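Residue numbers (my numbering): 58 to 164. All remarks here apply to the structure that follows.
Structural data, given as structure tokens:
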């Protein structure tokens with residue numbers, strides 16, 4: 058899973074959000090390291106909907122414009138949980154190896 062996808066799903070794990078909310082949440086989650094553009098986000102929304110990982114939640118009219126909210130599906134939550142666990146295992150392995158270098162290896 059690509060980092061932007063992981064972060065979009067993570068943002069939606071908080072609850073339904075509209076596009077701009079996801080963009081700002083992803084930036085916050087990534088400490089400013091990932092900044093999604095609207096076109097990138099909406100293409101990802103289409104793909105994630107096709108994969109059944111997110112769904113449209115509701116629409117609101119704000120200042121005469123449609124604001125569409127998206128939510129994480131059960132399949133999306135399961136995929137996010139699996140990816141988070143995979144990343145945790147990899148980080149654990151990296152940390153263990155770095156400790157080994159620090160405790161007996163040379164730089």
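Note that CB positions come from ideal geometry on N, CA and C, so glycine has one too. Predicted, not measured: the structure shown is a model, and the values here were computed from it.
| Query | Result |
| --- | --- |
| Measuring CB to CB, does residue 130 end up less than 8 Å from residue 112? | yes |
| List, from N- to C-terminal side, the beta strand (DSSP E) runs of 3 residues or more that fit wholly inside the stretch 78–157. | 111–119, 122–129 |
| With three or more C-beta pairs closer than 8 Å as the rule, is the stretch 140–148 touching the stretch 86–102? | no |
| Are the Cβ atoms of residue 139 and residue 70 separated by less than 8 Å? | no |
| Going by C-alpha distance, which of 105, 103, 77 is nearest residue 55? | Outside the shown range of the chain, which is 58 to 164, sits residue 55, and nothing can be said about it. |
| Who are the near neighbours of residue 61 in its chain, counting only those whose CB is closer than 8 Å to its CB and skipping five residues on each side? | 83, 91, 93, 97, 101 |
| Let me check one thing: in DSSP terms, what residues is residue 74 bridge-paired to? | 127 |
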